[in-house]
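Here is the structure we will look at, set down as C-alpha cells.
Residue numbers (the working numbering): 81 to 529.
In C-alpha cells, the structure reads:
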C-alpha cells in the first residue's frame, strides 16, 4: 500500500515538474535583466523583447501543444517539453549576443506555453475527483517554487552579476522532468479515448480503489467520441459558451496585473531607491509568500470550491492594487509600503487566481476536444500576457504607476463580476459528471432559444 501511494505521489510530482520550470523561466528574468542590460547594452525596446521572448514562444507552444497532446498523448508531449526546456536553458545561458538570447528565450517560451496547457491537463486526468483540485493545483505550487527558486538563484549571483548562470541552472529540473516522465504512465482518459482500454485499466488500478474503476471506465466511455473530432467542433454551439468562460478567466488572470509584479518587481523597487541586490532580496519575500499561500489555496480548493476562492482573491487583489495606486498618487510611497502591497497582492493571487484558473481550464472542456480547447484558452492567456508585459513599461512612463495600478484594480472588479455571472462550480465532481452537467445545460438553452 505504501509503495502504491509512493508511486502515485511520484506521478503527481513529475507531472507537476513542468510547472516548476514554467515558474523558474518566467521568474528568473526579473533579476537577470538588471545585469543583462549592462552586459549586452540593451535599449528599452530590446529589454522588452528579452522579457517578452518567452511570452511570444509560449503563445506558439500553447496554440499547438494541446492538439499535439490529443494526438500523441499527454506523457510524450511532456517529455518533448522537457527536451525543449533543456535546449532553452543551455541556449540562453550561453548566449553571447542579444539576438541569440532573444532567439532562445522564444524557443524556451514554446516549452513554457506547452507546459502551461498540458501539465494541469495531465494532472487533472490522472487524479480521482475527490482530490483533483489539490492535485491539479500542484502545477501552480511547483510554479510558485520555481519562481522562488529563480529569486534565490538571482540573489545568489547578484553580487557577481552572473546572469548566464541564473539562466543556465534551469537545465537541472528540465533534465529531471524529461527523464522522470519516461517512467510515468499515460493518462487513462487519453488511452480510453484511443481504444487502449487494457492499458487504461492497468493505470487506474495503480491510482484508484479497485471498487471504483469500472464505474469510472463506464463514465469515460459514455462521453468518448466516435472517431476523429474535427477542429470545427471547438466552435460549435455547445462549445462556444465553454470557450467564452475558459478564455475569459484566462485573459482576466493576466490583465489583473499579475505579471507586472512577477516580471518587474525588482525594477519597481530599484526605482523607489533600493539597490539591485536589495531589490532582488525583496523579491525573495514575495516568492515565499507566493509558495505559502499557494499551499493554503490547495488546502481550500476542494473544500470551499473554485468559484469562491476566485471571488475572495479578486477582493484581496483589488484592495492591494487600490492602496498601491492611491499611495503613489498622493505621495512618494516608501519602499516598505510598496513591498507590503506587492506581498498583499501575491497573498490574494497565489491562493486563488494563480492556481484556480488552471484547474478550471482543465475541468470544464469535454474529453473529446479537451487538449485542443485547453490549448486555445492557454493561447488566449499568453496573448494577454504579451500585451500586458509589452504595454506595462510604456503605460508606466505615460500614465505613471499610480494610475496604472488603479486601472488594474478596476479590472479586478470586472473579473469578480465575470466569475460571479459565468463560472460554474466544479468541486467534487468527476470530469465526466462536469461534462454531462454542462452539456445538458447548454442543450436545454439551445432548445429553448
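Where is the CB? At the ideal position from N, CA and C, for every residue including glycine. None of these values were measured; they are calculated from a predicted model.
Beta carbon of residue i nearer than 8 angstroms to that of residue j
i           : j           : result
residue 326 : residue 425 : no
residue 269 : residue 300 : yes
residue 155 : residue 296 : no
residue 247 : residue 87  : no
residue 506 : residue 440 : yes
residue 431 : residue 393 : yes
residue 281 : residue 208 : no
residue 148 : residue 101 : no
residue 434 : residue 238 : no
residue 99  : residue 220 : yes
residue 230 : residue 332 : no
residue 481 : residue 401 : no
residue 188 : residue 137 : yes
residue 469 : residue 132 : yes
residue 97  : residue 260 : yes
Cβ distance (whole Å) where residue i is taken to contact residue j below 8 angstroms
i           : j           : result
residue 224 : residue 103 : 6 angstroms
residue 462 : residue 135 : 6 angstroms
residue 499 : residue 397 : No, residue 499 and residue 397 are not in contact; Cβ-Cβ is about 12 angstroms, not under 8 angstroms.
residue 105 : residue 173 : Not a contact, Cβ separation roughly 11 angstroms.
residue 193 : residue 458 : 7 angstroms
residue 502 : residue 328 : 7 angstroms
Coil, strand or helix - residue i by DSSP
i           : result
residue 503 : coil
residue 491 : helix
residue 289 : coil
residue 250 : coil
residue 204 : helix
residue 541 : Only positions 81 to 529 of the chain appear in the structure, and residue 541 is not among them; the question remains open.
residue 180 : helix
residue 510 : coil
residue 294 : helix
residue 124 : helix
residue 496 : helix
residue 264 : coil
residue 165 : helix
Environment of residue i [buried if 16+ CB atoms lie within 10 Å]
i           : result
residue 123 : exposed
residue 382 : buried
residue 263 : exposed
residue 234 : buried
residue 119 : exposed
residue 298 : exposed
residue 211 : exposed
residue 180 : exposed
residue 317 : exposed
residue 508 : exposed
residue 515 : buried
residue 275 : exposed
residue 337 : buried
residue 478 : exposed
residue 512 : buried
residue 42  : Since the displayed the chain opens at 81 and closes at 529, residue 42 lies outside it and no answer follows.
residue 384 : exposed
residue 448 : buried
residue 177 : exposed
residue 414 : exposed
residue 421 : buried
residue 95  : buried
residue 411 : exposed
residue 284 : buried
Member of the options whose CA lies at the smallest distance from the CA of residue i
i           : options               : result
residue 363 : 416, 407 and 329      : 416
residue 323 : 443, 290 and 282      : 443
residue 335 : 465, 448, 289 and 280 : 465
residue 376 : 427, 455 and 216      : 427
residue 330 : 407, 196 and 290      : 196
residue 367 : 108, 450 and 411      : 108
residue 157 : 238, 493 and 201      : 201
residue 153 : 96, 128, 199 and 380  : 199
residue 144 : 503, 190 and 130      : 190
residue 114 : 313, 358, 261 and 194 : 358
residue 369 : 429, 95 and 205       : 429
residue 213 : 404, 256, 185 and 380 : 380
residue 474 : 127, 171 and 455      : 127
residue 437 : 84, 216 and 90        : 216
residue 378 : 222, 455, 313 and 278 : 222
residue 204 : 91, 460, 361 and 484  : 91
Contact test: residue i Cβ vs the ligand FMN heavy atom, cutoff 7 angstroms
i           : result
residue 204 : Judged by which ligands are present, the structure shown has none, so any question about the ligand FMN falls away.
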